[in-house]
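**Student:** Count along the sequence shown starting at 1, add 1435, and that's the number in my numbering. We put the CB at the ideal spot given by N, CA and C, even for glycine.
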Amino acid sequence: MKVWGHTLVWHAQTGRWFFEPGPNGEPVTRELALERLKKHIMTVVGRYKGKVIGWDVVNEAIADRGTGQTENLRNFSWYTTVGPDVLTLAFKWAHEADPDAQLYYNDYNIEQGAVANRGKHASSMLLLKRLIAEGAPIHGVGIQGHWHLDTNLADVEKAIENYASLGLRVAITELDITAFGENSGAFPTGAEAATMTADAFQKQAEKYAALFKILKKHEKSIDRVTFWGLSDRRSWRSRQRPLLFGAELKPKPALQAILDVAKGSQP
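(1) By Cβ distance below 7 Å, which residues in the same chain neighbour residue 1649 in space, the five residues on each side in sequence not counted?
(2) Around the C-beta of residue 1633, are 16 or more other C-beta atoms found within 10 angstroms, so that it is buried, or is it exposed?
(3) Taking a contact to mean a Cβ-Cβ separation below 7 Å, would you say residue 1453 touches residue 1492 in this structure?
(4) Count the other C-beta atoms from every protein chain shown that fall within 10 angstroms of the C-beta of residue 1505, then say buried if there are 16 or more, exposed otherwise.
(5) Let me make sure I understand the geometry here. Which of 1487, 1517, 1578, 1576 has the alpha-carbon closest to that of residue 1534?
(6) Taking the alpha-carbon of residue 1607 as reference, which of 1586, 1615, 1581 has the nearest alpha-carbon?
(7) Of the residues 1676, 1665, 1603, 1602, which one's Cα is nearest the Cα of residue 1638?
(8) Quick one, which of 1448, 1473, 1438, 1522 has its alpha-carbon nearest residue 1483's?
(9) Just checking my contact of residue 1599 with residue 1656 at CB under 8 Å: how many whole Å lie between their CB atoms?
(10) For the region 1559-1596, list the beta strand (DSSP E) runs that are entirely contained and at least 3 residues long, ordered along the chain.
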């Protein structure tokens, strides 16, 4: 079994102590923050050197609802304390700790706007180009893939092509496609539940199949696909039933649809 590491720099999961005053009560400086980050990365990546094949070095650094004209980085503590080069340094330290590990940038919705070259995708391209120009040893991009029935797969395909044009590998890292809306949708109940469920699961299967046709078409650029859970019962979006197995661990139509694409039995 291959193990992937997630994640080294993430605004949502950084301990407060990273940015608390120094040992003598002085404010945290750029130098002290970088010293702490380097020690963290070198310790964690070094500990699992040769056991973990790769890392999501930086996770979700791009803010939502940008125009795509800038990198639109989040106003998070690493950025405000150190500056934008913290991301490049994180990649360099991870590579120093394990030169054989694959190093990725990972984010959600970074496929959005790819066809029109705008929005979060355009911001991600600016960020990735800068990282490469600054010598960051980055090997690939993780598109999380928390999608729904209305997700524009043309954007997904264009994003894969654009990232590959930079010489980067692509992974789908947290895949799930909801059958019942996004956050407001819910598993149906009542007399019509059975019919509604069957229809929604069929549409979900068709969406998964369409996605995997794209992934198969670009398989030379795709490193891996990771589903964000096994069954709907334990999914973080359980009310929207996004995974390949139902709450009772029975396979849903989406599973067979993916297998058919893999076997080439679906046109």
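**Tutor:** Answer, in terms of the structure:
(1) Only 1588, 1591, 1592 meet the Cβ criterion.
(2) Of the residues assessed, residue 1633 falls on the exposed side of the cut-off, its CB having fewer than 16 other CB atoms within 10 angstroms.
(3) Cβ atoms of residue 1453 and residue 1492: not closer than 7 Å.
(4) With fewer than 16 other Cβ atoms inside 10 Å of its own Cβ, residue 1505 counts as exposed.
(5) Ranking the options by Cα distance to residue 1534, first place goes to 1487.
(6) Of 1586, 1615, 1581, the residue nearest in Cα terms is 1581.
(7) Selected option, being the one with the closest Cα: 1676.
(8) Selected option, being the one with the closest Cα: 1438.
(9) Correct: roughly 4 Å between the Cβ atoms.
(10) Runs found: 1575-1578.
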